[in-house]
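Numbering (our numbering), first residue to last: 19 to 302.
Have a look at the structure below, then the notes.
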């Protein structure tokens with residue numbers, strides 16, 4: 019019995035897609051198709067909603083067809099990590115894959131989230147991450163990727179705080195010796211605060227809530243919210259009012275996508291084109 023055709027490439031084009039559930043709201047098609055068009059790369063990118071039971075079929079289809087790459091989002095990142103033929107060091111440590119590429123006949127699972135975060139911070143703040151102290155709020159997939167990347171990038175301290183101390187400790191351990199679990203009150207002492215929770219996201223039902231009390235932030239800190247819809251959350255608005263430098267999640271979204279683009283096409287991604295396309299889409 020043949021593999022069901024989840025992804026039907028446009029005539030003469032190499033197909034790529036993001037898989038998840040739900041996924042139709044994804045900004046990835048906007049990002050990648052803008053890049054493909056700009057670079058005149060003969061690829062097409064779509065969003066495909068699949069169930070957990072369909073993940074292995076999609077990967078088998080990728081092995082047997084002209085599918086050139088897959089992006090993976092929730093809730094399939096862990097499942098894909100267990101089903102690909104090879105995983106990179108980051109994907110293995112995180113137990114999660116957000117990108118699948120081909121190496122000959124083998125499927126390779128990558129995780130570009132952490133490196134994408136570091137590239138975004140350096141690009142937007144014009145400062146290196148080395149030697150700084152960080153508070154990461156949350157202990158989910160994004161928080162773990164950020165903690166791992168910060169540990170590798172030379173952070174002086176990475177504190178992870180969430181409602182589940184066991185998960186906080188696990189995420190913090192990915193940062194190595196500089197990682198530990200802690201409390202939100204320690205925000206006063208760090209150089210950079212990162213919200214890696216959905217608190218403040220449009221449509222999540224908590225858009226006006228804050229992941230951290232304003233009182234523990236201060237002027238001169240860098241405050242990052244990995245949320246990008248809205249572009250400026252209540253958290254960032256409050257941080258800006260007290261004189262903190264702020265950064266939303268667009269940079270990480272774009273830079274992790276740019277890394278995937280390069281893995282698939284062996285071309286340097288047109289980051290500015292990707293960023294312009296997604297901001298235009300969000301601002302509609």
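For each residue, glycine too, the CB sits at the ideal point set by N, CA and C.
Please read all numbers here as calculations on a predicted model, not as lab measurements.
Can the beta-carbon of residue 95 be found less than 8 angstroms from the beta-carbon of residue 169?
-> Counted from its first residue, the chain shown places residue 95 at position 77. Counted from its first residue, the chain shown places residue 169 at position 151. Their beta carbons are not under 8 angstroms apart, which means residue 95 does not touch residue 169 by this criterion.
Could you give the uninterrupted runs of the beta strand (DSSP E) lying entirely in the region 65–115, keeping only those of 3 residues or more?
-> With a minimum length of 3 residues, the continuous beta strand (DSSP E) runs that stay inside the region 65–115 are 85–90.
Would you say residue 46 and residue 65 are within 8 angstroms of each other, going by their C-beta atoms?
-> If you number the chain shown from 1, residue 46 lands on position 28. If you number the chain shown from 1, residue 65 lands on position 47. Against a cut-off of 8 angstroms, the Cβ pair of residue 65 and residue 46 comes out as a contact.
Locate the alpha helix (DSSP H) running through residue 290, then write down its first and last residues.
-> Within the chain shown, the letter at position 272 stands for residue 290. Its alpha helix (DSSP H) spans residues 289–300.
Please work out which residues of its chain come closer than 8 angstroms, Cβ to Cβ, to residue 280, disregarding the five sequence neighbours upstream and downstream, and give them in chain order.
-> Translated into the one-based positions of the chain shown, residue 280 becomes position 262. Closer than 8 angstroms at the Cβ level, and outside the excluded window around residue 280, lie 286, 287.
Option in 112, 236, 243, 273 with minimal Cα separation from residue 228 = Taking the first residue of the chain shown as position 1, residue 228 is located at position 210. Closest option to residue 228, Cα to Cα, is 243.
Quick one, are the C-beta atoms of residue 235 and residue 262 less than 8 angstroms apart?
-> For the purposes of this step, residue 235 is identified with residue 217 of the chain shown, where counting begins at 1. For the purposes of this step, residue 262 is identified with residue 244 of the chain shown, where counting begins at 1. Yes, they are a contact pair.
Beta-ladder partner(s) of residue 210, from DSSP | Position 192 of the chain shown, counted from the first residue, corresponds to residue 210. Secondary-structure assignment with DSSP links residue 210 through a beta bridge to 152, 240.
By how many angstroms is the C-alpha of residue 156 removed from the C-alpha of residue 251?
-> Taking the chain shown and counting its residues from 1, the one referred to as residue 251 is at position 233. Taking the chain shown and counting its residues from 1, the one referred to as residue 156 is at position 138. Taking the straight line joining both Cα atoms gives about 16 angstroms.
Please report the Cβ distance between residue 172 and residue 149, rounded to the nearest whole angstrom; I am assuming they are in contact, meaning their Cβ atoms lie under 8 angstroms.
-> Residue 172 sits at position 154 when you count from the first residue of the chain shown. Residue 149 sits at position 131 when you count from the first residue of the chain shown. Between residue 172 and residue 149 a beta carbon distance of about 7 angstroms is seen, short of the 8 angstroms cut, so the two are scored as contacting.
Which same chain residues, not among the five before or five after residue 92, have their C-beta less than 7 angstroms away from its C-beta?
-> Here residue 92 corresponds to residue number 74 of the chain shown, with the count starting at 1. These residues qualify, in order along the chain: 38.
Can you say whether residue 42 is buried or exposed, counting buried as having 16 or more other CB atoms within 10 angstroms of its CB?
-> As a first step, residue 42 must be located in the chain shown, where it is residue number 24. Counting of Cβ neighbours within 10 angstroms places residue 42 among the exposed residues, the total staying below 16.
Considering only C-alpha positions, which residue in the set 275, 259, 248, 265 is nearest to residue 298?
-> Taking the first residue of the chain shown as 1, we reach residue 298 at position 280. When the alpha-carbon of residue 298 is set against those of 275, 259, 248, 265, the nearest one is in 248.
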